[in-house]
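I have placed the structure first, in the form of structure tokens, so that the comments after it can refer back to it.
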Amino acid sequence: MSERIKAVRYPKLEHFSEPNVITTTADFVFSWARSHSVFPFTYGLACCAIEMLSSGFARFDVARYGMEVFRPTPRQCDLMIVAGTLNEKMAPVLKRLYDQMSEPKWVISMGACATSGGPFYDGYNVVNGVDKVVPVDVYIPGCPPRPEALFQGLLELQGKIQQHKFVPEKPAAFEPAPAAGAGPATADEA
Amino acid sequence: MGLVVGSNPMSMDALAALLVERFAGDLDDVRIQEPDTIVARCAREKLKDVAARLKADPEVGYETLNFVAGVDHGTSFESIYHVYSWKTNTWVELHVELPRAEPEVDTVCDIWPAADWHERESWDMVGIKYLGHPDLRRILLKDDFIGHPLRKDYVDLAENHPHV
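From first to last, the protein sequence lines stand for chains A and B.
For what it's worth, our numbering labels the leading residue of the first sequence as 2, then goes sequentially.
For what it's worth, our numbering labels the leading residue of the second sequence as 39, then goes sequentially.
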């Protein structure tokens, strides 16, 4: 990748040492901003939550990726990190909280339990994977995954968010308003 | 291995002898489990009386209930009460055997209020019915769960797994 393309795709402060202009797409700008301001929902269900929380503190520091704002309410979140075993009693609650999150929203399944039930697979009260209840974007293996693994999952998710198209491929057809005095349109004209 | 029996004013042998004497005919198979626990069996009709007297005893006074456990032995059930005495720094493990056909026993909630949630859990998991319990419903599993999953003859039902 040439320096010029790099400067366009990954603009840095030094490229603006003097008044300057860059051209880019609305898709890129929106998805770039969105992927770097993900608000995760603190959905710790079991021991994976300990790794999730430790990834938020100074030693691992998820803030480096712009994701440190863990929120305890689904209204303010767009990423649900399901960290731990989901059981049958909790499943309706998870679905409800997922429904309360505002669009666009993503789900990361963290650890073996959230992915498939893990060591509790086929248990009498265990849901064999959180994808039975909500759609999952990224699966992170591990029991529990280290914070580095969680970060890789988050970066995968960032890549996924950046592929998202915000601007429709075809612009919406422009329909002119009926001219004044033209009378009501008949069904045939419509 | 538990607490050192330092603050116990009497030896375990003396304590066991005292319990045998006070509860003659009510406690069976009293034996000492080193270092600080006395294990005994009790008929389920006498449980309430034994529990009240164990708690009210001025000398030993087992005032604290640590937990209630429900056990499925296959041919019978067992409700186990683990109680603690601050005066002697010892435990009593009270085993109450229940017939498989009718796993019912009186509640001890009114004697040790801590038994409330433990008895609910035992009901939830093993299906032992605690007669006279103020609010005997499931505590860990969902309300419409079918069966008691820690029973030996429990078969996992599709109805208990709506999310497939």
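Glycine included, every Cβ here is placed at the ideal spot set by N, Cα and C.
Residues sharing a beta bridge with residue i, DSSP
i                         : result
glutamate 4 of chain A    : For glutamate 4 of chain A, which the question treats as bridged, DSSP gives no partner whatsoever.
arginine 69 of chain B    : B/Val77
glutamate 142 of chain B  : B/Lys167
serine 114 of chain B     : B/Pro137
glutamate 131 of chain B  : B/Val77 and B/His120
leucine 103 of chain B    : B/Val121
proline 41 of chain A     : A/Leu80
isoleucine 109 of chain A : A/Ile82 and A/Val139
valine 109 of chain B     : B/Glu116
Residue-level contact to chain B via CB, residue i, 9 Å cutoff
i                      : result
lysine 161 of chain A  : no
alanine 92 of chain A  : yes
leucine 98 of chain A  : no
glutamate 4 of chain A : no
Alpha-carbon to alpha-carbon, residue j and residue i
i                            : j                         : result
methionine 91 of chain A     : glycine 63 of chain B     : 48 Å
valine 42 of chain B         : histidine 156 of chain B  : Residue confidence for valine 42 of chain B is low, a pLDDT of 48 falling below 50, so the modelled location carries little weight; the figure read from the coordinates is stated next. So the alpha carbons of these two residues sit roughly 27 Å apart.
phenylalanine 121 of chain A : leucine 158 of chain A    : 27 Å
threonine 116 of chain A     : aspartate 132 of chain A  : 7 Å
aspartate 194 of chain B     : glycine 112 of chain B    : 18 Å
methionine 39 of chain B     : valine 130 of chain B     : Only weak support is given to the placement of methionine 39 of chain B: the predicted model assigns it a pLDDT of 41, under 50, and the value that follows is read from those uncertain coordinates. Between methionine 39 of chain B and valine 130 of chain B, the C-alpha separation is close to 16 Å.
glutamine 44 of chain A      : methionine 111 of chain A : For clarity, residue 44 of chain A is tyrosine in the given sequence; the question names glutamine instead. Approximately 10 Å between the Cα atoms of the pair.
arginine 82 of chain B       : isoleucine 70 of chain B  : 21 Å
glutamine 101 of chain A     : valine 106 of chain B     : 39 Å
alanine 191 of chain A       : histidine 165 of chain A  : Note that alanine 191 of chain A scores a pLDDT of 47, beneath 50, so its modelled location is shaky; the value from the coordinates is reported in the next line. So the alpha carbons of these two residues sit roughly 35 Å apart.
arginine 176 of chain B      : alanine 34 of chain A     : 47 Å
glycine 160 of chain A       : serine 36 of chain A      : 8 Å
lysine 106 of chain A        : methionine 81 of chain A  : 8 Å
glutamate 69 of chain A      : arginine 97 of chain A    : 24 Å
leucine 178 of chain B       : threonine 145 of chain B  : 19 Å
arginine 72 of chain A       : leucine 54 of chain A     : 12 Å
asparagine 198 of chain B    : leucine 46 of chain A     : 20 Å
glutamate 75 of chain A      : proline 141 of chain B    : In the sequence as presented, glutamate is not what sits at residue 75 of chain A; that position holds proline. When rounded, the distance between both Cα atoms is 44 Å.
glutamate 135 of chain B     : tyrosine 119 of chain B   : 11 Å
cysteine 184 of chain B      : proline 169 of chain A    : According to the sequence shown, residue 184 of chain B is isoleucine rather than cysteine. If you take the alpha carbons of isoleucine 184 of chain B and proline 169 of chain A, they lie about 50 Å apart.
alanine 113 of chain A       : glutamate 52 of chain A   : 13 Å
valine 137 of chain A        : arginine 158 of chain B   : 35 Å
phenylalanine 61 of chain B  : valine 121 of chain B     : 16 Å
leucine 156 of chain A       : valine 63 of chain A      : 11 Å
valine 30 of chain A         : cysteine 48 of chain A    : 37 Å
Proximity test, Cβ basis, 9 Å: residue i and chain A
i                            : result
tyrosine 192 of chain B      : yes
histidine 199 of chain B     : yes
valine 109 of chain B        : no
valine 164 of chain B        : no
proline 151 of chain B       : no
valine 202 of chain B        : yes
proline 96 of chain B        : no
phenylalanine 115 of chain B : no
phenylalanine 183 of chain B : yes
leucine 179 of chain B       : yes
proline 137 of chain B       : no
proline 187 of chain B       : yes
phenylalanine 61 of chain B  : no
glycine 40 of chain B        : Confidence is the limiting factor: at glycine 40 of chain B the pLDDT is only 47, short of 50, which leaves the residue's position unreliable and the question unanswerable from this model.
alanine 54 of chain B        : no
Check: residue i C-beta below 8 Å from any heavy atom of the ligand HEM
i                        : result
methionine 81 of chain A : Looking at this structure, you won't find the ligand HEM or any other ligand, since it has none at all.
Where the stretch 122-146 of chain A meets chain B: residues whose CB sits under 7 Å from a CB there: Answer in chain order: Tyr125, Asn126, Val128, Lys133 and Val134.
Could you name each continuous alpha helix (DSSP H) segment of 4 residues or more that falls completely within the stretch 66-102 of chain A, going from the start of the chain to the end? List check, alpha helix (DSSP H) in window: 92-101.
Interface residues of the stretch 69-92 of chain A facing chain B [CB-CB below 7 Å]: Taking 7 Å as the Cβ-Cβ cut-off, the stretch 69-92 of chain A approaches chain B at Glu89, Lys90 and Ala92, given in chain order.
What are the uninterrupted segments assigned as beta strand (DSSP E) that are 3 or more residues long and contained completely in the stretch 112-173 of chain A, given in chain order? Fully enclosed beta strand (DSSP E) runs of 3 or longer: 139-141.
Please list the segments of the beta strand (DSSP E) lying wholly inside the stretch 146-198 of chain B, counting only runs of 3 or more residues, in order along the chain. Secondary structure within the stretch 146-198 of chain B: the beta strand (DSSP E) runs of 3 or more consecutive residues, fully enclosed, are 167-169 (chain order).
Contact list for the stretch 66-93 of chain B against chain A, Cβ threshold 9 Å: Shown here is that no member of the stretch 66-93 of chain B has a Cβ falling below 9 Å from a Cβ of chain A.
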